[in-house]
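Comments concern the structure below.
Chains as they are written, first to last, in this note's numbering: chain A, 3 to 89; chain B, 886 to 1232.
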């Protein structure tokens, strides 16, 4: 199954959520929707619109930058990375 | 009876709790240290709601059913449309079993399940003048919310004061008497904050970019009540919970000379006659080297028999008066910059 890897700063908003979730779906968006069904509100923390990440969120699909619309393979890993913004 | 101050700051929500309004206990930061533009207590449910926005994870309303012991958060339904995401949350008001939320871009949302889900009140953005709204320094924000059952008034920067008397089905732009560059359409009035006075929806007190104004007819007409104040410019203001003639203003030195209190000496200005005369309340407040301001939602009154008055500052202090402004004490000296203050009296 695809895996969704969450940053600590996001996981602590959902008490009890594992840092690594096993999800189902054939696109990044569907996998996130699957995770959102189990942890309501998770998608809103990541996506600005259904097809875009929030401005300071990036995600990598098997090591490559991806968008919510990116297709996904059966054993892929989606790694969510919040920007080290500020200064 | 306990008095609780809900203090929204740049680094989370703080509570100041007191039984006597002399000694205060501070706790926080709540809401994972997200910046909190506003928080309210809903007496109908006993819940506290906080309008918060995280730079990475976006906006959400945080809700505590138990005065801050536990929290949940939701932004379910907080979307104008698929192409117009809400970027930040600004204001909350609870009335008649409903919870209202104002946002940037300026929009109004309503929750009927204590903040778990939200629905866009689209009629406001469908007003013919909405296309002429433009962002101010803080964005295009719906920052002021007055709610009294089905009667609602909102302040939008830069747009003006809009009033609905049918629970948000229709809206009326009310600006007669306010300074505006367009005396035909009356849009583009730069309201900074709006309060209902004395618990009467018909009487409003407004701090505008260009002065202090009072309305006796629910915003249809406004009169300038700034004579006697050191400046027309400011953000925070408050009203007495029962006396329709008592307002509190917090004038700053001006919009282009620093935006701090005049002469760096802090004063809350009080009127007892609906703005005809004003007096400076300074007893206990810093009178030198105080380069601070109170933001638009950072001033409040409580509903105790002798009303308490409170304000928080850009420099992180919260001040309290238990005698309607006659004397002041420090509630908290070193919080993060204060964005909002509300006061709740808990049975």
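Backbone N, C-alpha and C fix where the C-beta goes; we use that ideal spot for every residue, glycine too.
Values in this document were obtained by computation on a predicted structure and should not be read as measured data.
Between residue i and residue j, how many whole angstroms is the CB-CB distance? I'm expecting something under 8 Å.
{"i": "residue 1227 (chain B)", "j": "residue 926 (chain B)", "result": "7 Å"}
{"i": "residue 27 (chain A)", "j": "residue 960 (chain B)", "result": "The Cβ separation is near 22 Å, so there is no contact."}
{"i": "residue 1140 (chain B)", "j": "residue 15 (chain A)", "result": "With a Cβ gap of about 38 Å, residue 1140 (chain B) and residue 15 (chain A) do not count as contacting."}
{"i": "residue 1229 (chain B)", "j": "residue 889 (chain B)", "result": "5 Å"}
{"i": "residue 1156 (chain B)", "j": "residue 1129 (chain B)", "result": "Not really, about 11 Å apart at Cβ, beyond 8 Å."}
{"i": "residue 1084 (chain B)", "j": "residue 1035 (chain B)", "result": "At roughly 16 Å, the Cβ-Cβ gap does not stay under 8 Å, so residue 1084 (chain B) and residue 1035 (chain B) are not in contact."}
{"i": "residue 70 (chain A)", "j": "residue 34 (chain A)", "result": "7 Å"}
On the three-state DSSP scale, how would you describe residue i?
{"i": "residue 1136 (chain B)", "result": "strand"}
{"i": "residue 33 (chain A)", "result": "helix"}
{"i": "residue 1157 (chain B)", "result": "coil"}
{"i": "residue 68 (chain A)", "result": "coil"}
{"i": "residue 47 (chain A)", "result": "helix"}
{"i": "residue 12 (chain A)", "result": "helix"}
{"i": "residue 927 (chain B)", "result": "strand"}
{"i": "residue 916 (chain B)", "result": "helix"}
{"i": "residue 73 (chain A)", "result": "strand"}
{"i": "residue 1103 (chain B)", "result": "coil"}
{"i": "residue 38 (chain A)", "result": "helix"}
{"i": "residue 874 (chain B)", "result": "Outside the modelled stretch of chain B, which goes from 886 to 1232, sits residue 874 (chain B), for which no answer is possible."}
{"i": "residue 892 (chain B)", "result": "strand"}
{"i": "residue 58 (chain A)", "result": "coil"}
{"i": "residue 1162 (chain B)", "result": "coil"}
{"i": "residue 1231 (chain B)", "result": "strand"}
The stretch 41-55 of chain A: which residues have C-beta closer than 8 Å to a C-beta of chain B, in chain order?
-> Going along the stretch 41-55 of chain A in chain order, one finds 42, 43, 46, 47, 48, 50, 51, 52 with a Cβ nearer than 8 Å to chain B.
Would you call the stretch 958-970 of chain B and the stretch 1020-1037 of chain B in contact, with 3 or more CB pairs under 8 Å?
-> no
Going along the chain, which residues of the stretch 917-949 of chain B sit with their C-beta nearer than 9 Å to a C-beta in chain A?
-> Cβ contacts with chain A come from 917, 939, 940, 941, 942, 943, 944, 945.
Touching by the beta-carbon criterion (3+ pairs, under 8 Å), the stretch 898-906 of chain B and the stretch 74-83 of chain A | no
Three or more beta-carbon pairs under 8 Å between the stretch 1107-1114 of chain B and the stretch 1087-1097 of chain B, yes or no?
-> yes
If you measure beta-carbon to beta-carbon, which residues of the stretch 13-28 of chain A are closer than 9 Å to chain B?
-> 14, 15
Would you call the stretch 1051-1058 of chain B and the stretch 1083-1094 of chain B in contact, with 3 or more CB pairs under 8 Å?
-> no
Taking one C-beta from the stretch 1181-1195 of chain B and one from the stretch 1120-1127 of chain B each time, how about it: are there three or more such pairs within less than 8 Å?
-> yes
Mind listing, in chain order, the continuous beta strand (DSSP E) runs of no fewer than 3 residues lying wholly within the stretch 996-1048 of chain B?
-> 1026-1033, 1036-1042
Between the stretch 1145-1159 of chain B and the stretch 54-65 of chain A, are three or more C-beta pairs nearer than 8 Å?
-> no
Enumerated in chain order, which unbroken segments of the beta strand (DSSP E) with a length of 3 residues or greater are wholly contained in the stretch 1167-1210 of chain B?
-> Counting only runs of 3 or more, we get 1184-1186, 1194-1197, 1203-1206.
Whole runs of the beta strand (DSSP E) within the stretch 930-1010 of chain B, excluding any shorter than 3 residues | 932-939, 943-949, 957-959, 973-980, 983-989, 993-996
Three or more C-beta pairs closer than 8 Å, one from the stretch 1215-1224 of chain B and one from the stretch 1157-1167 of chain B: is that the case here?
-> no
Check whether the stretch 908-923 of chain B touches the stretch 992-1004 of chain B, counting contact only when three or more Cβ pairs, one atom from each stretch, lie closer than 8 Å.
-> no
Chain-ordered residues of the stretch 989-1000 of chain B with a beta carbon less than 7 Å from chain A | none
Below 8 Å between beta carbons is the criterion; list the residues of the stretch 969-981 of chain B that meet it against any residue of chain A, in chain order.
-> 970
Cβ contact check for the stretch 947-956 of chain B and the stretch 33-42 of chain A: 3 or more pairs under 8 Å | The stretch 947-956 of chain B makes no contact with the stretch 33-42 of chain A; the number of CB pairs closer than 8 Å stays below 3.
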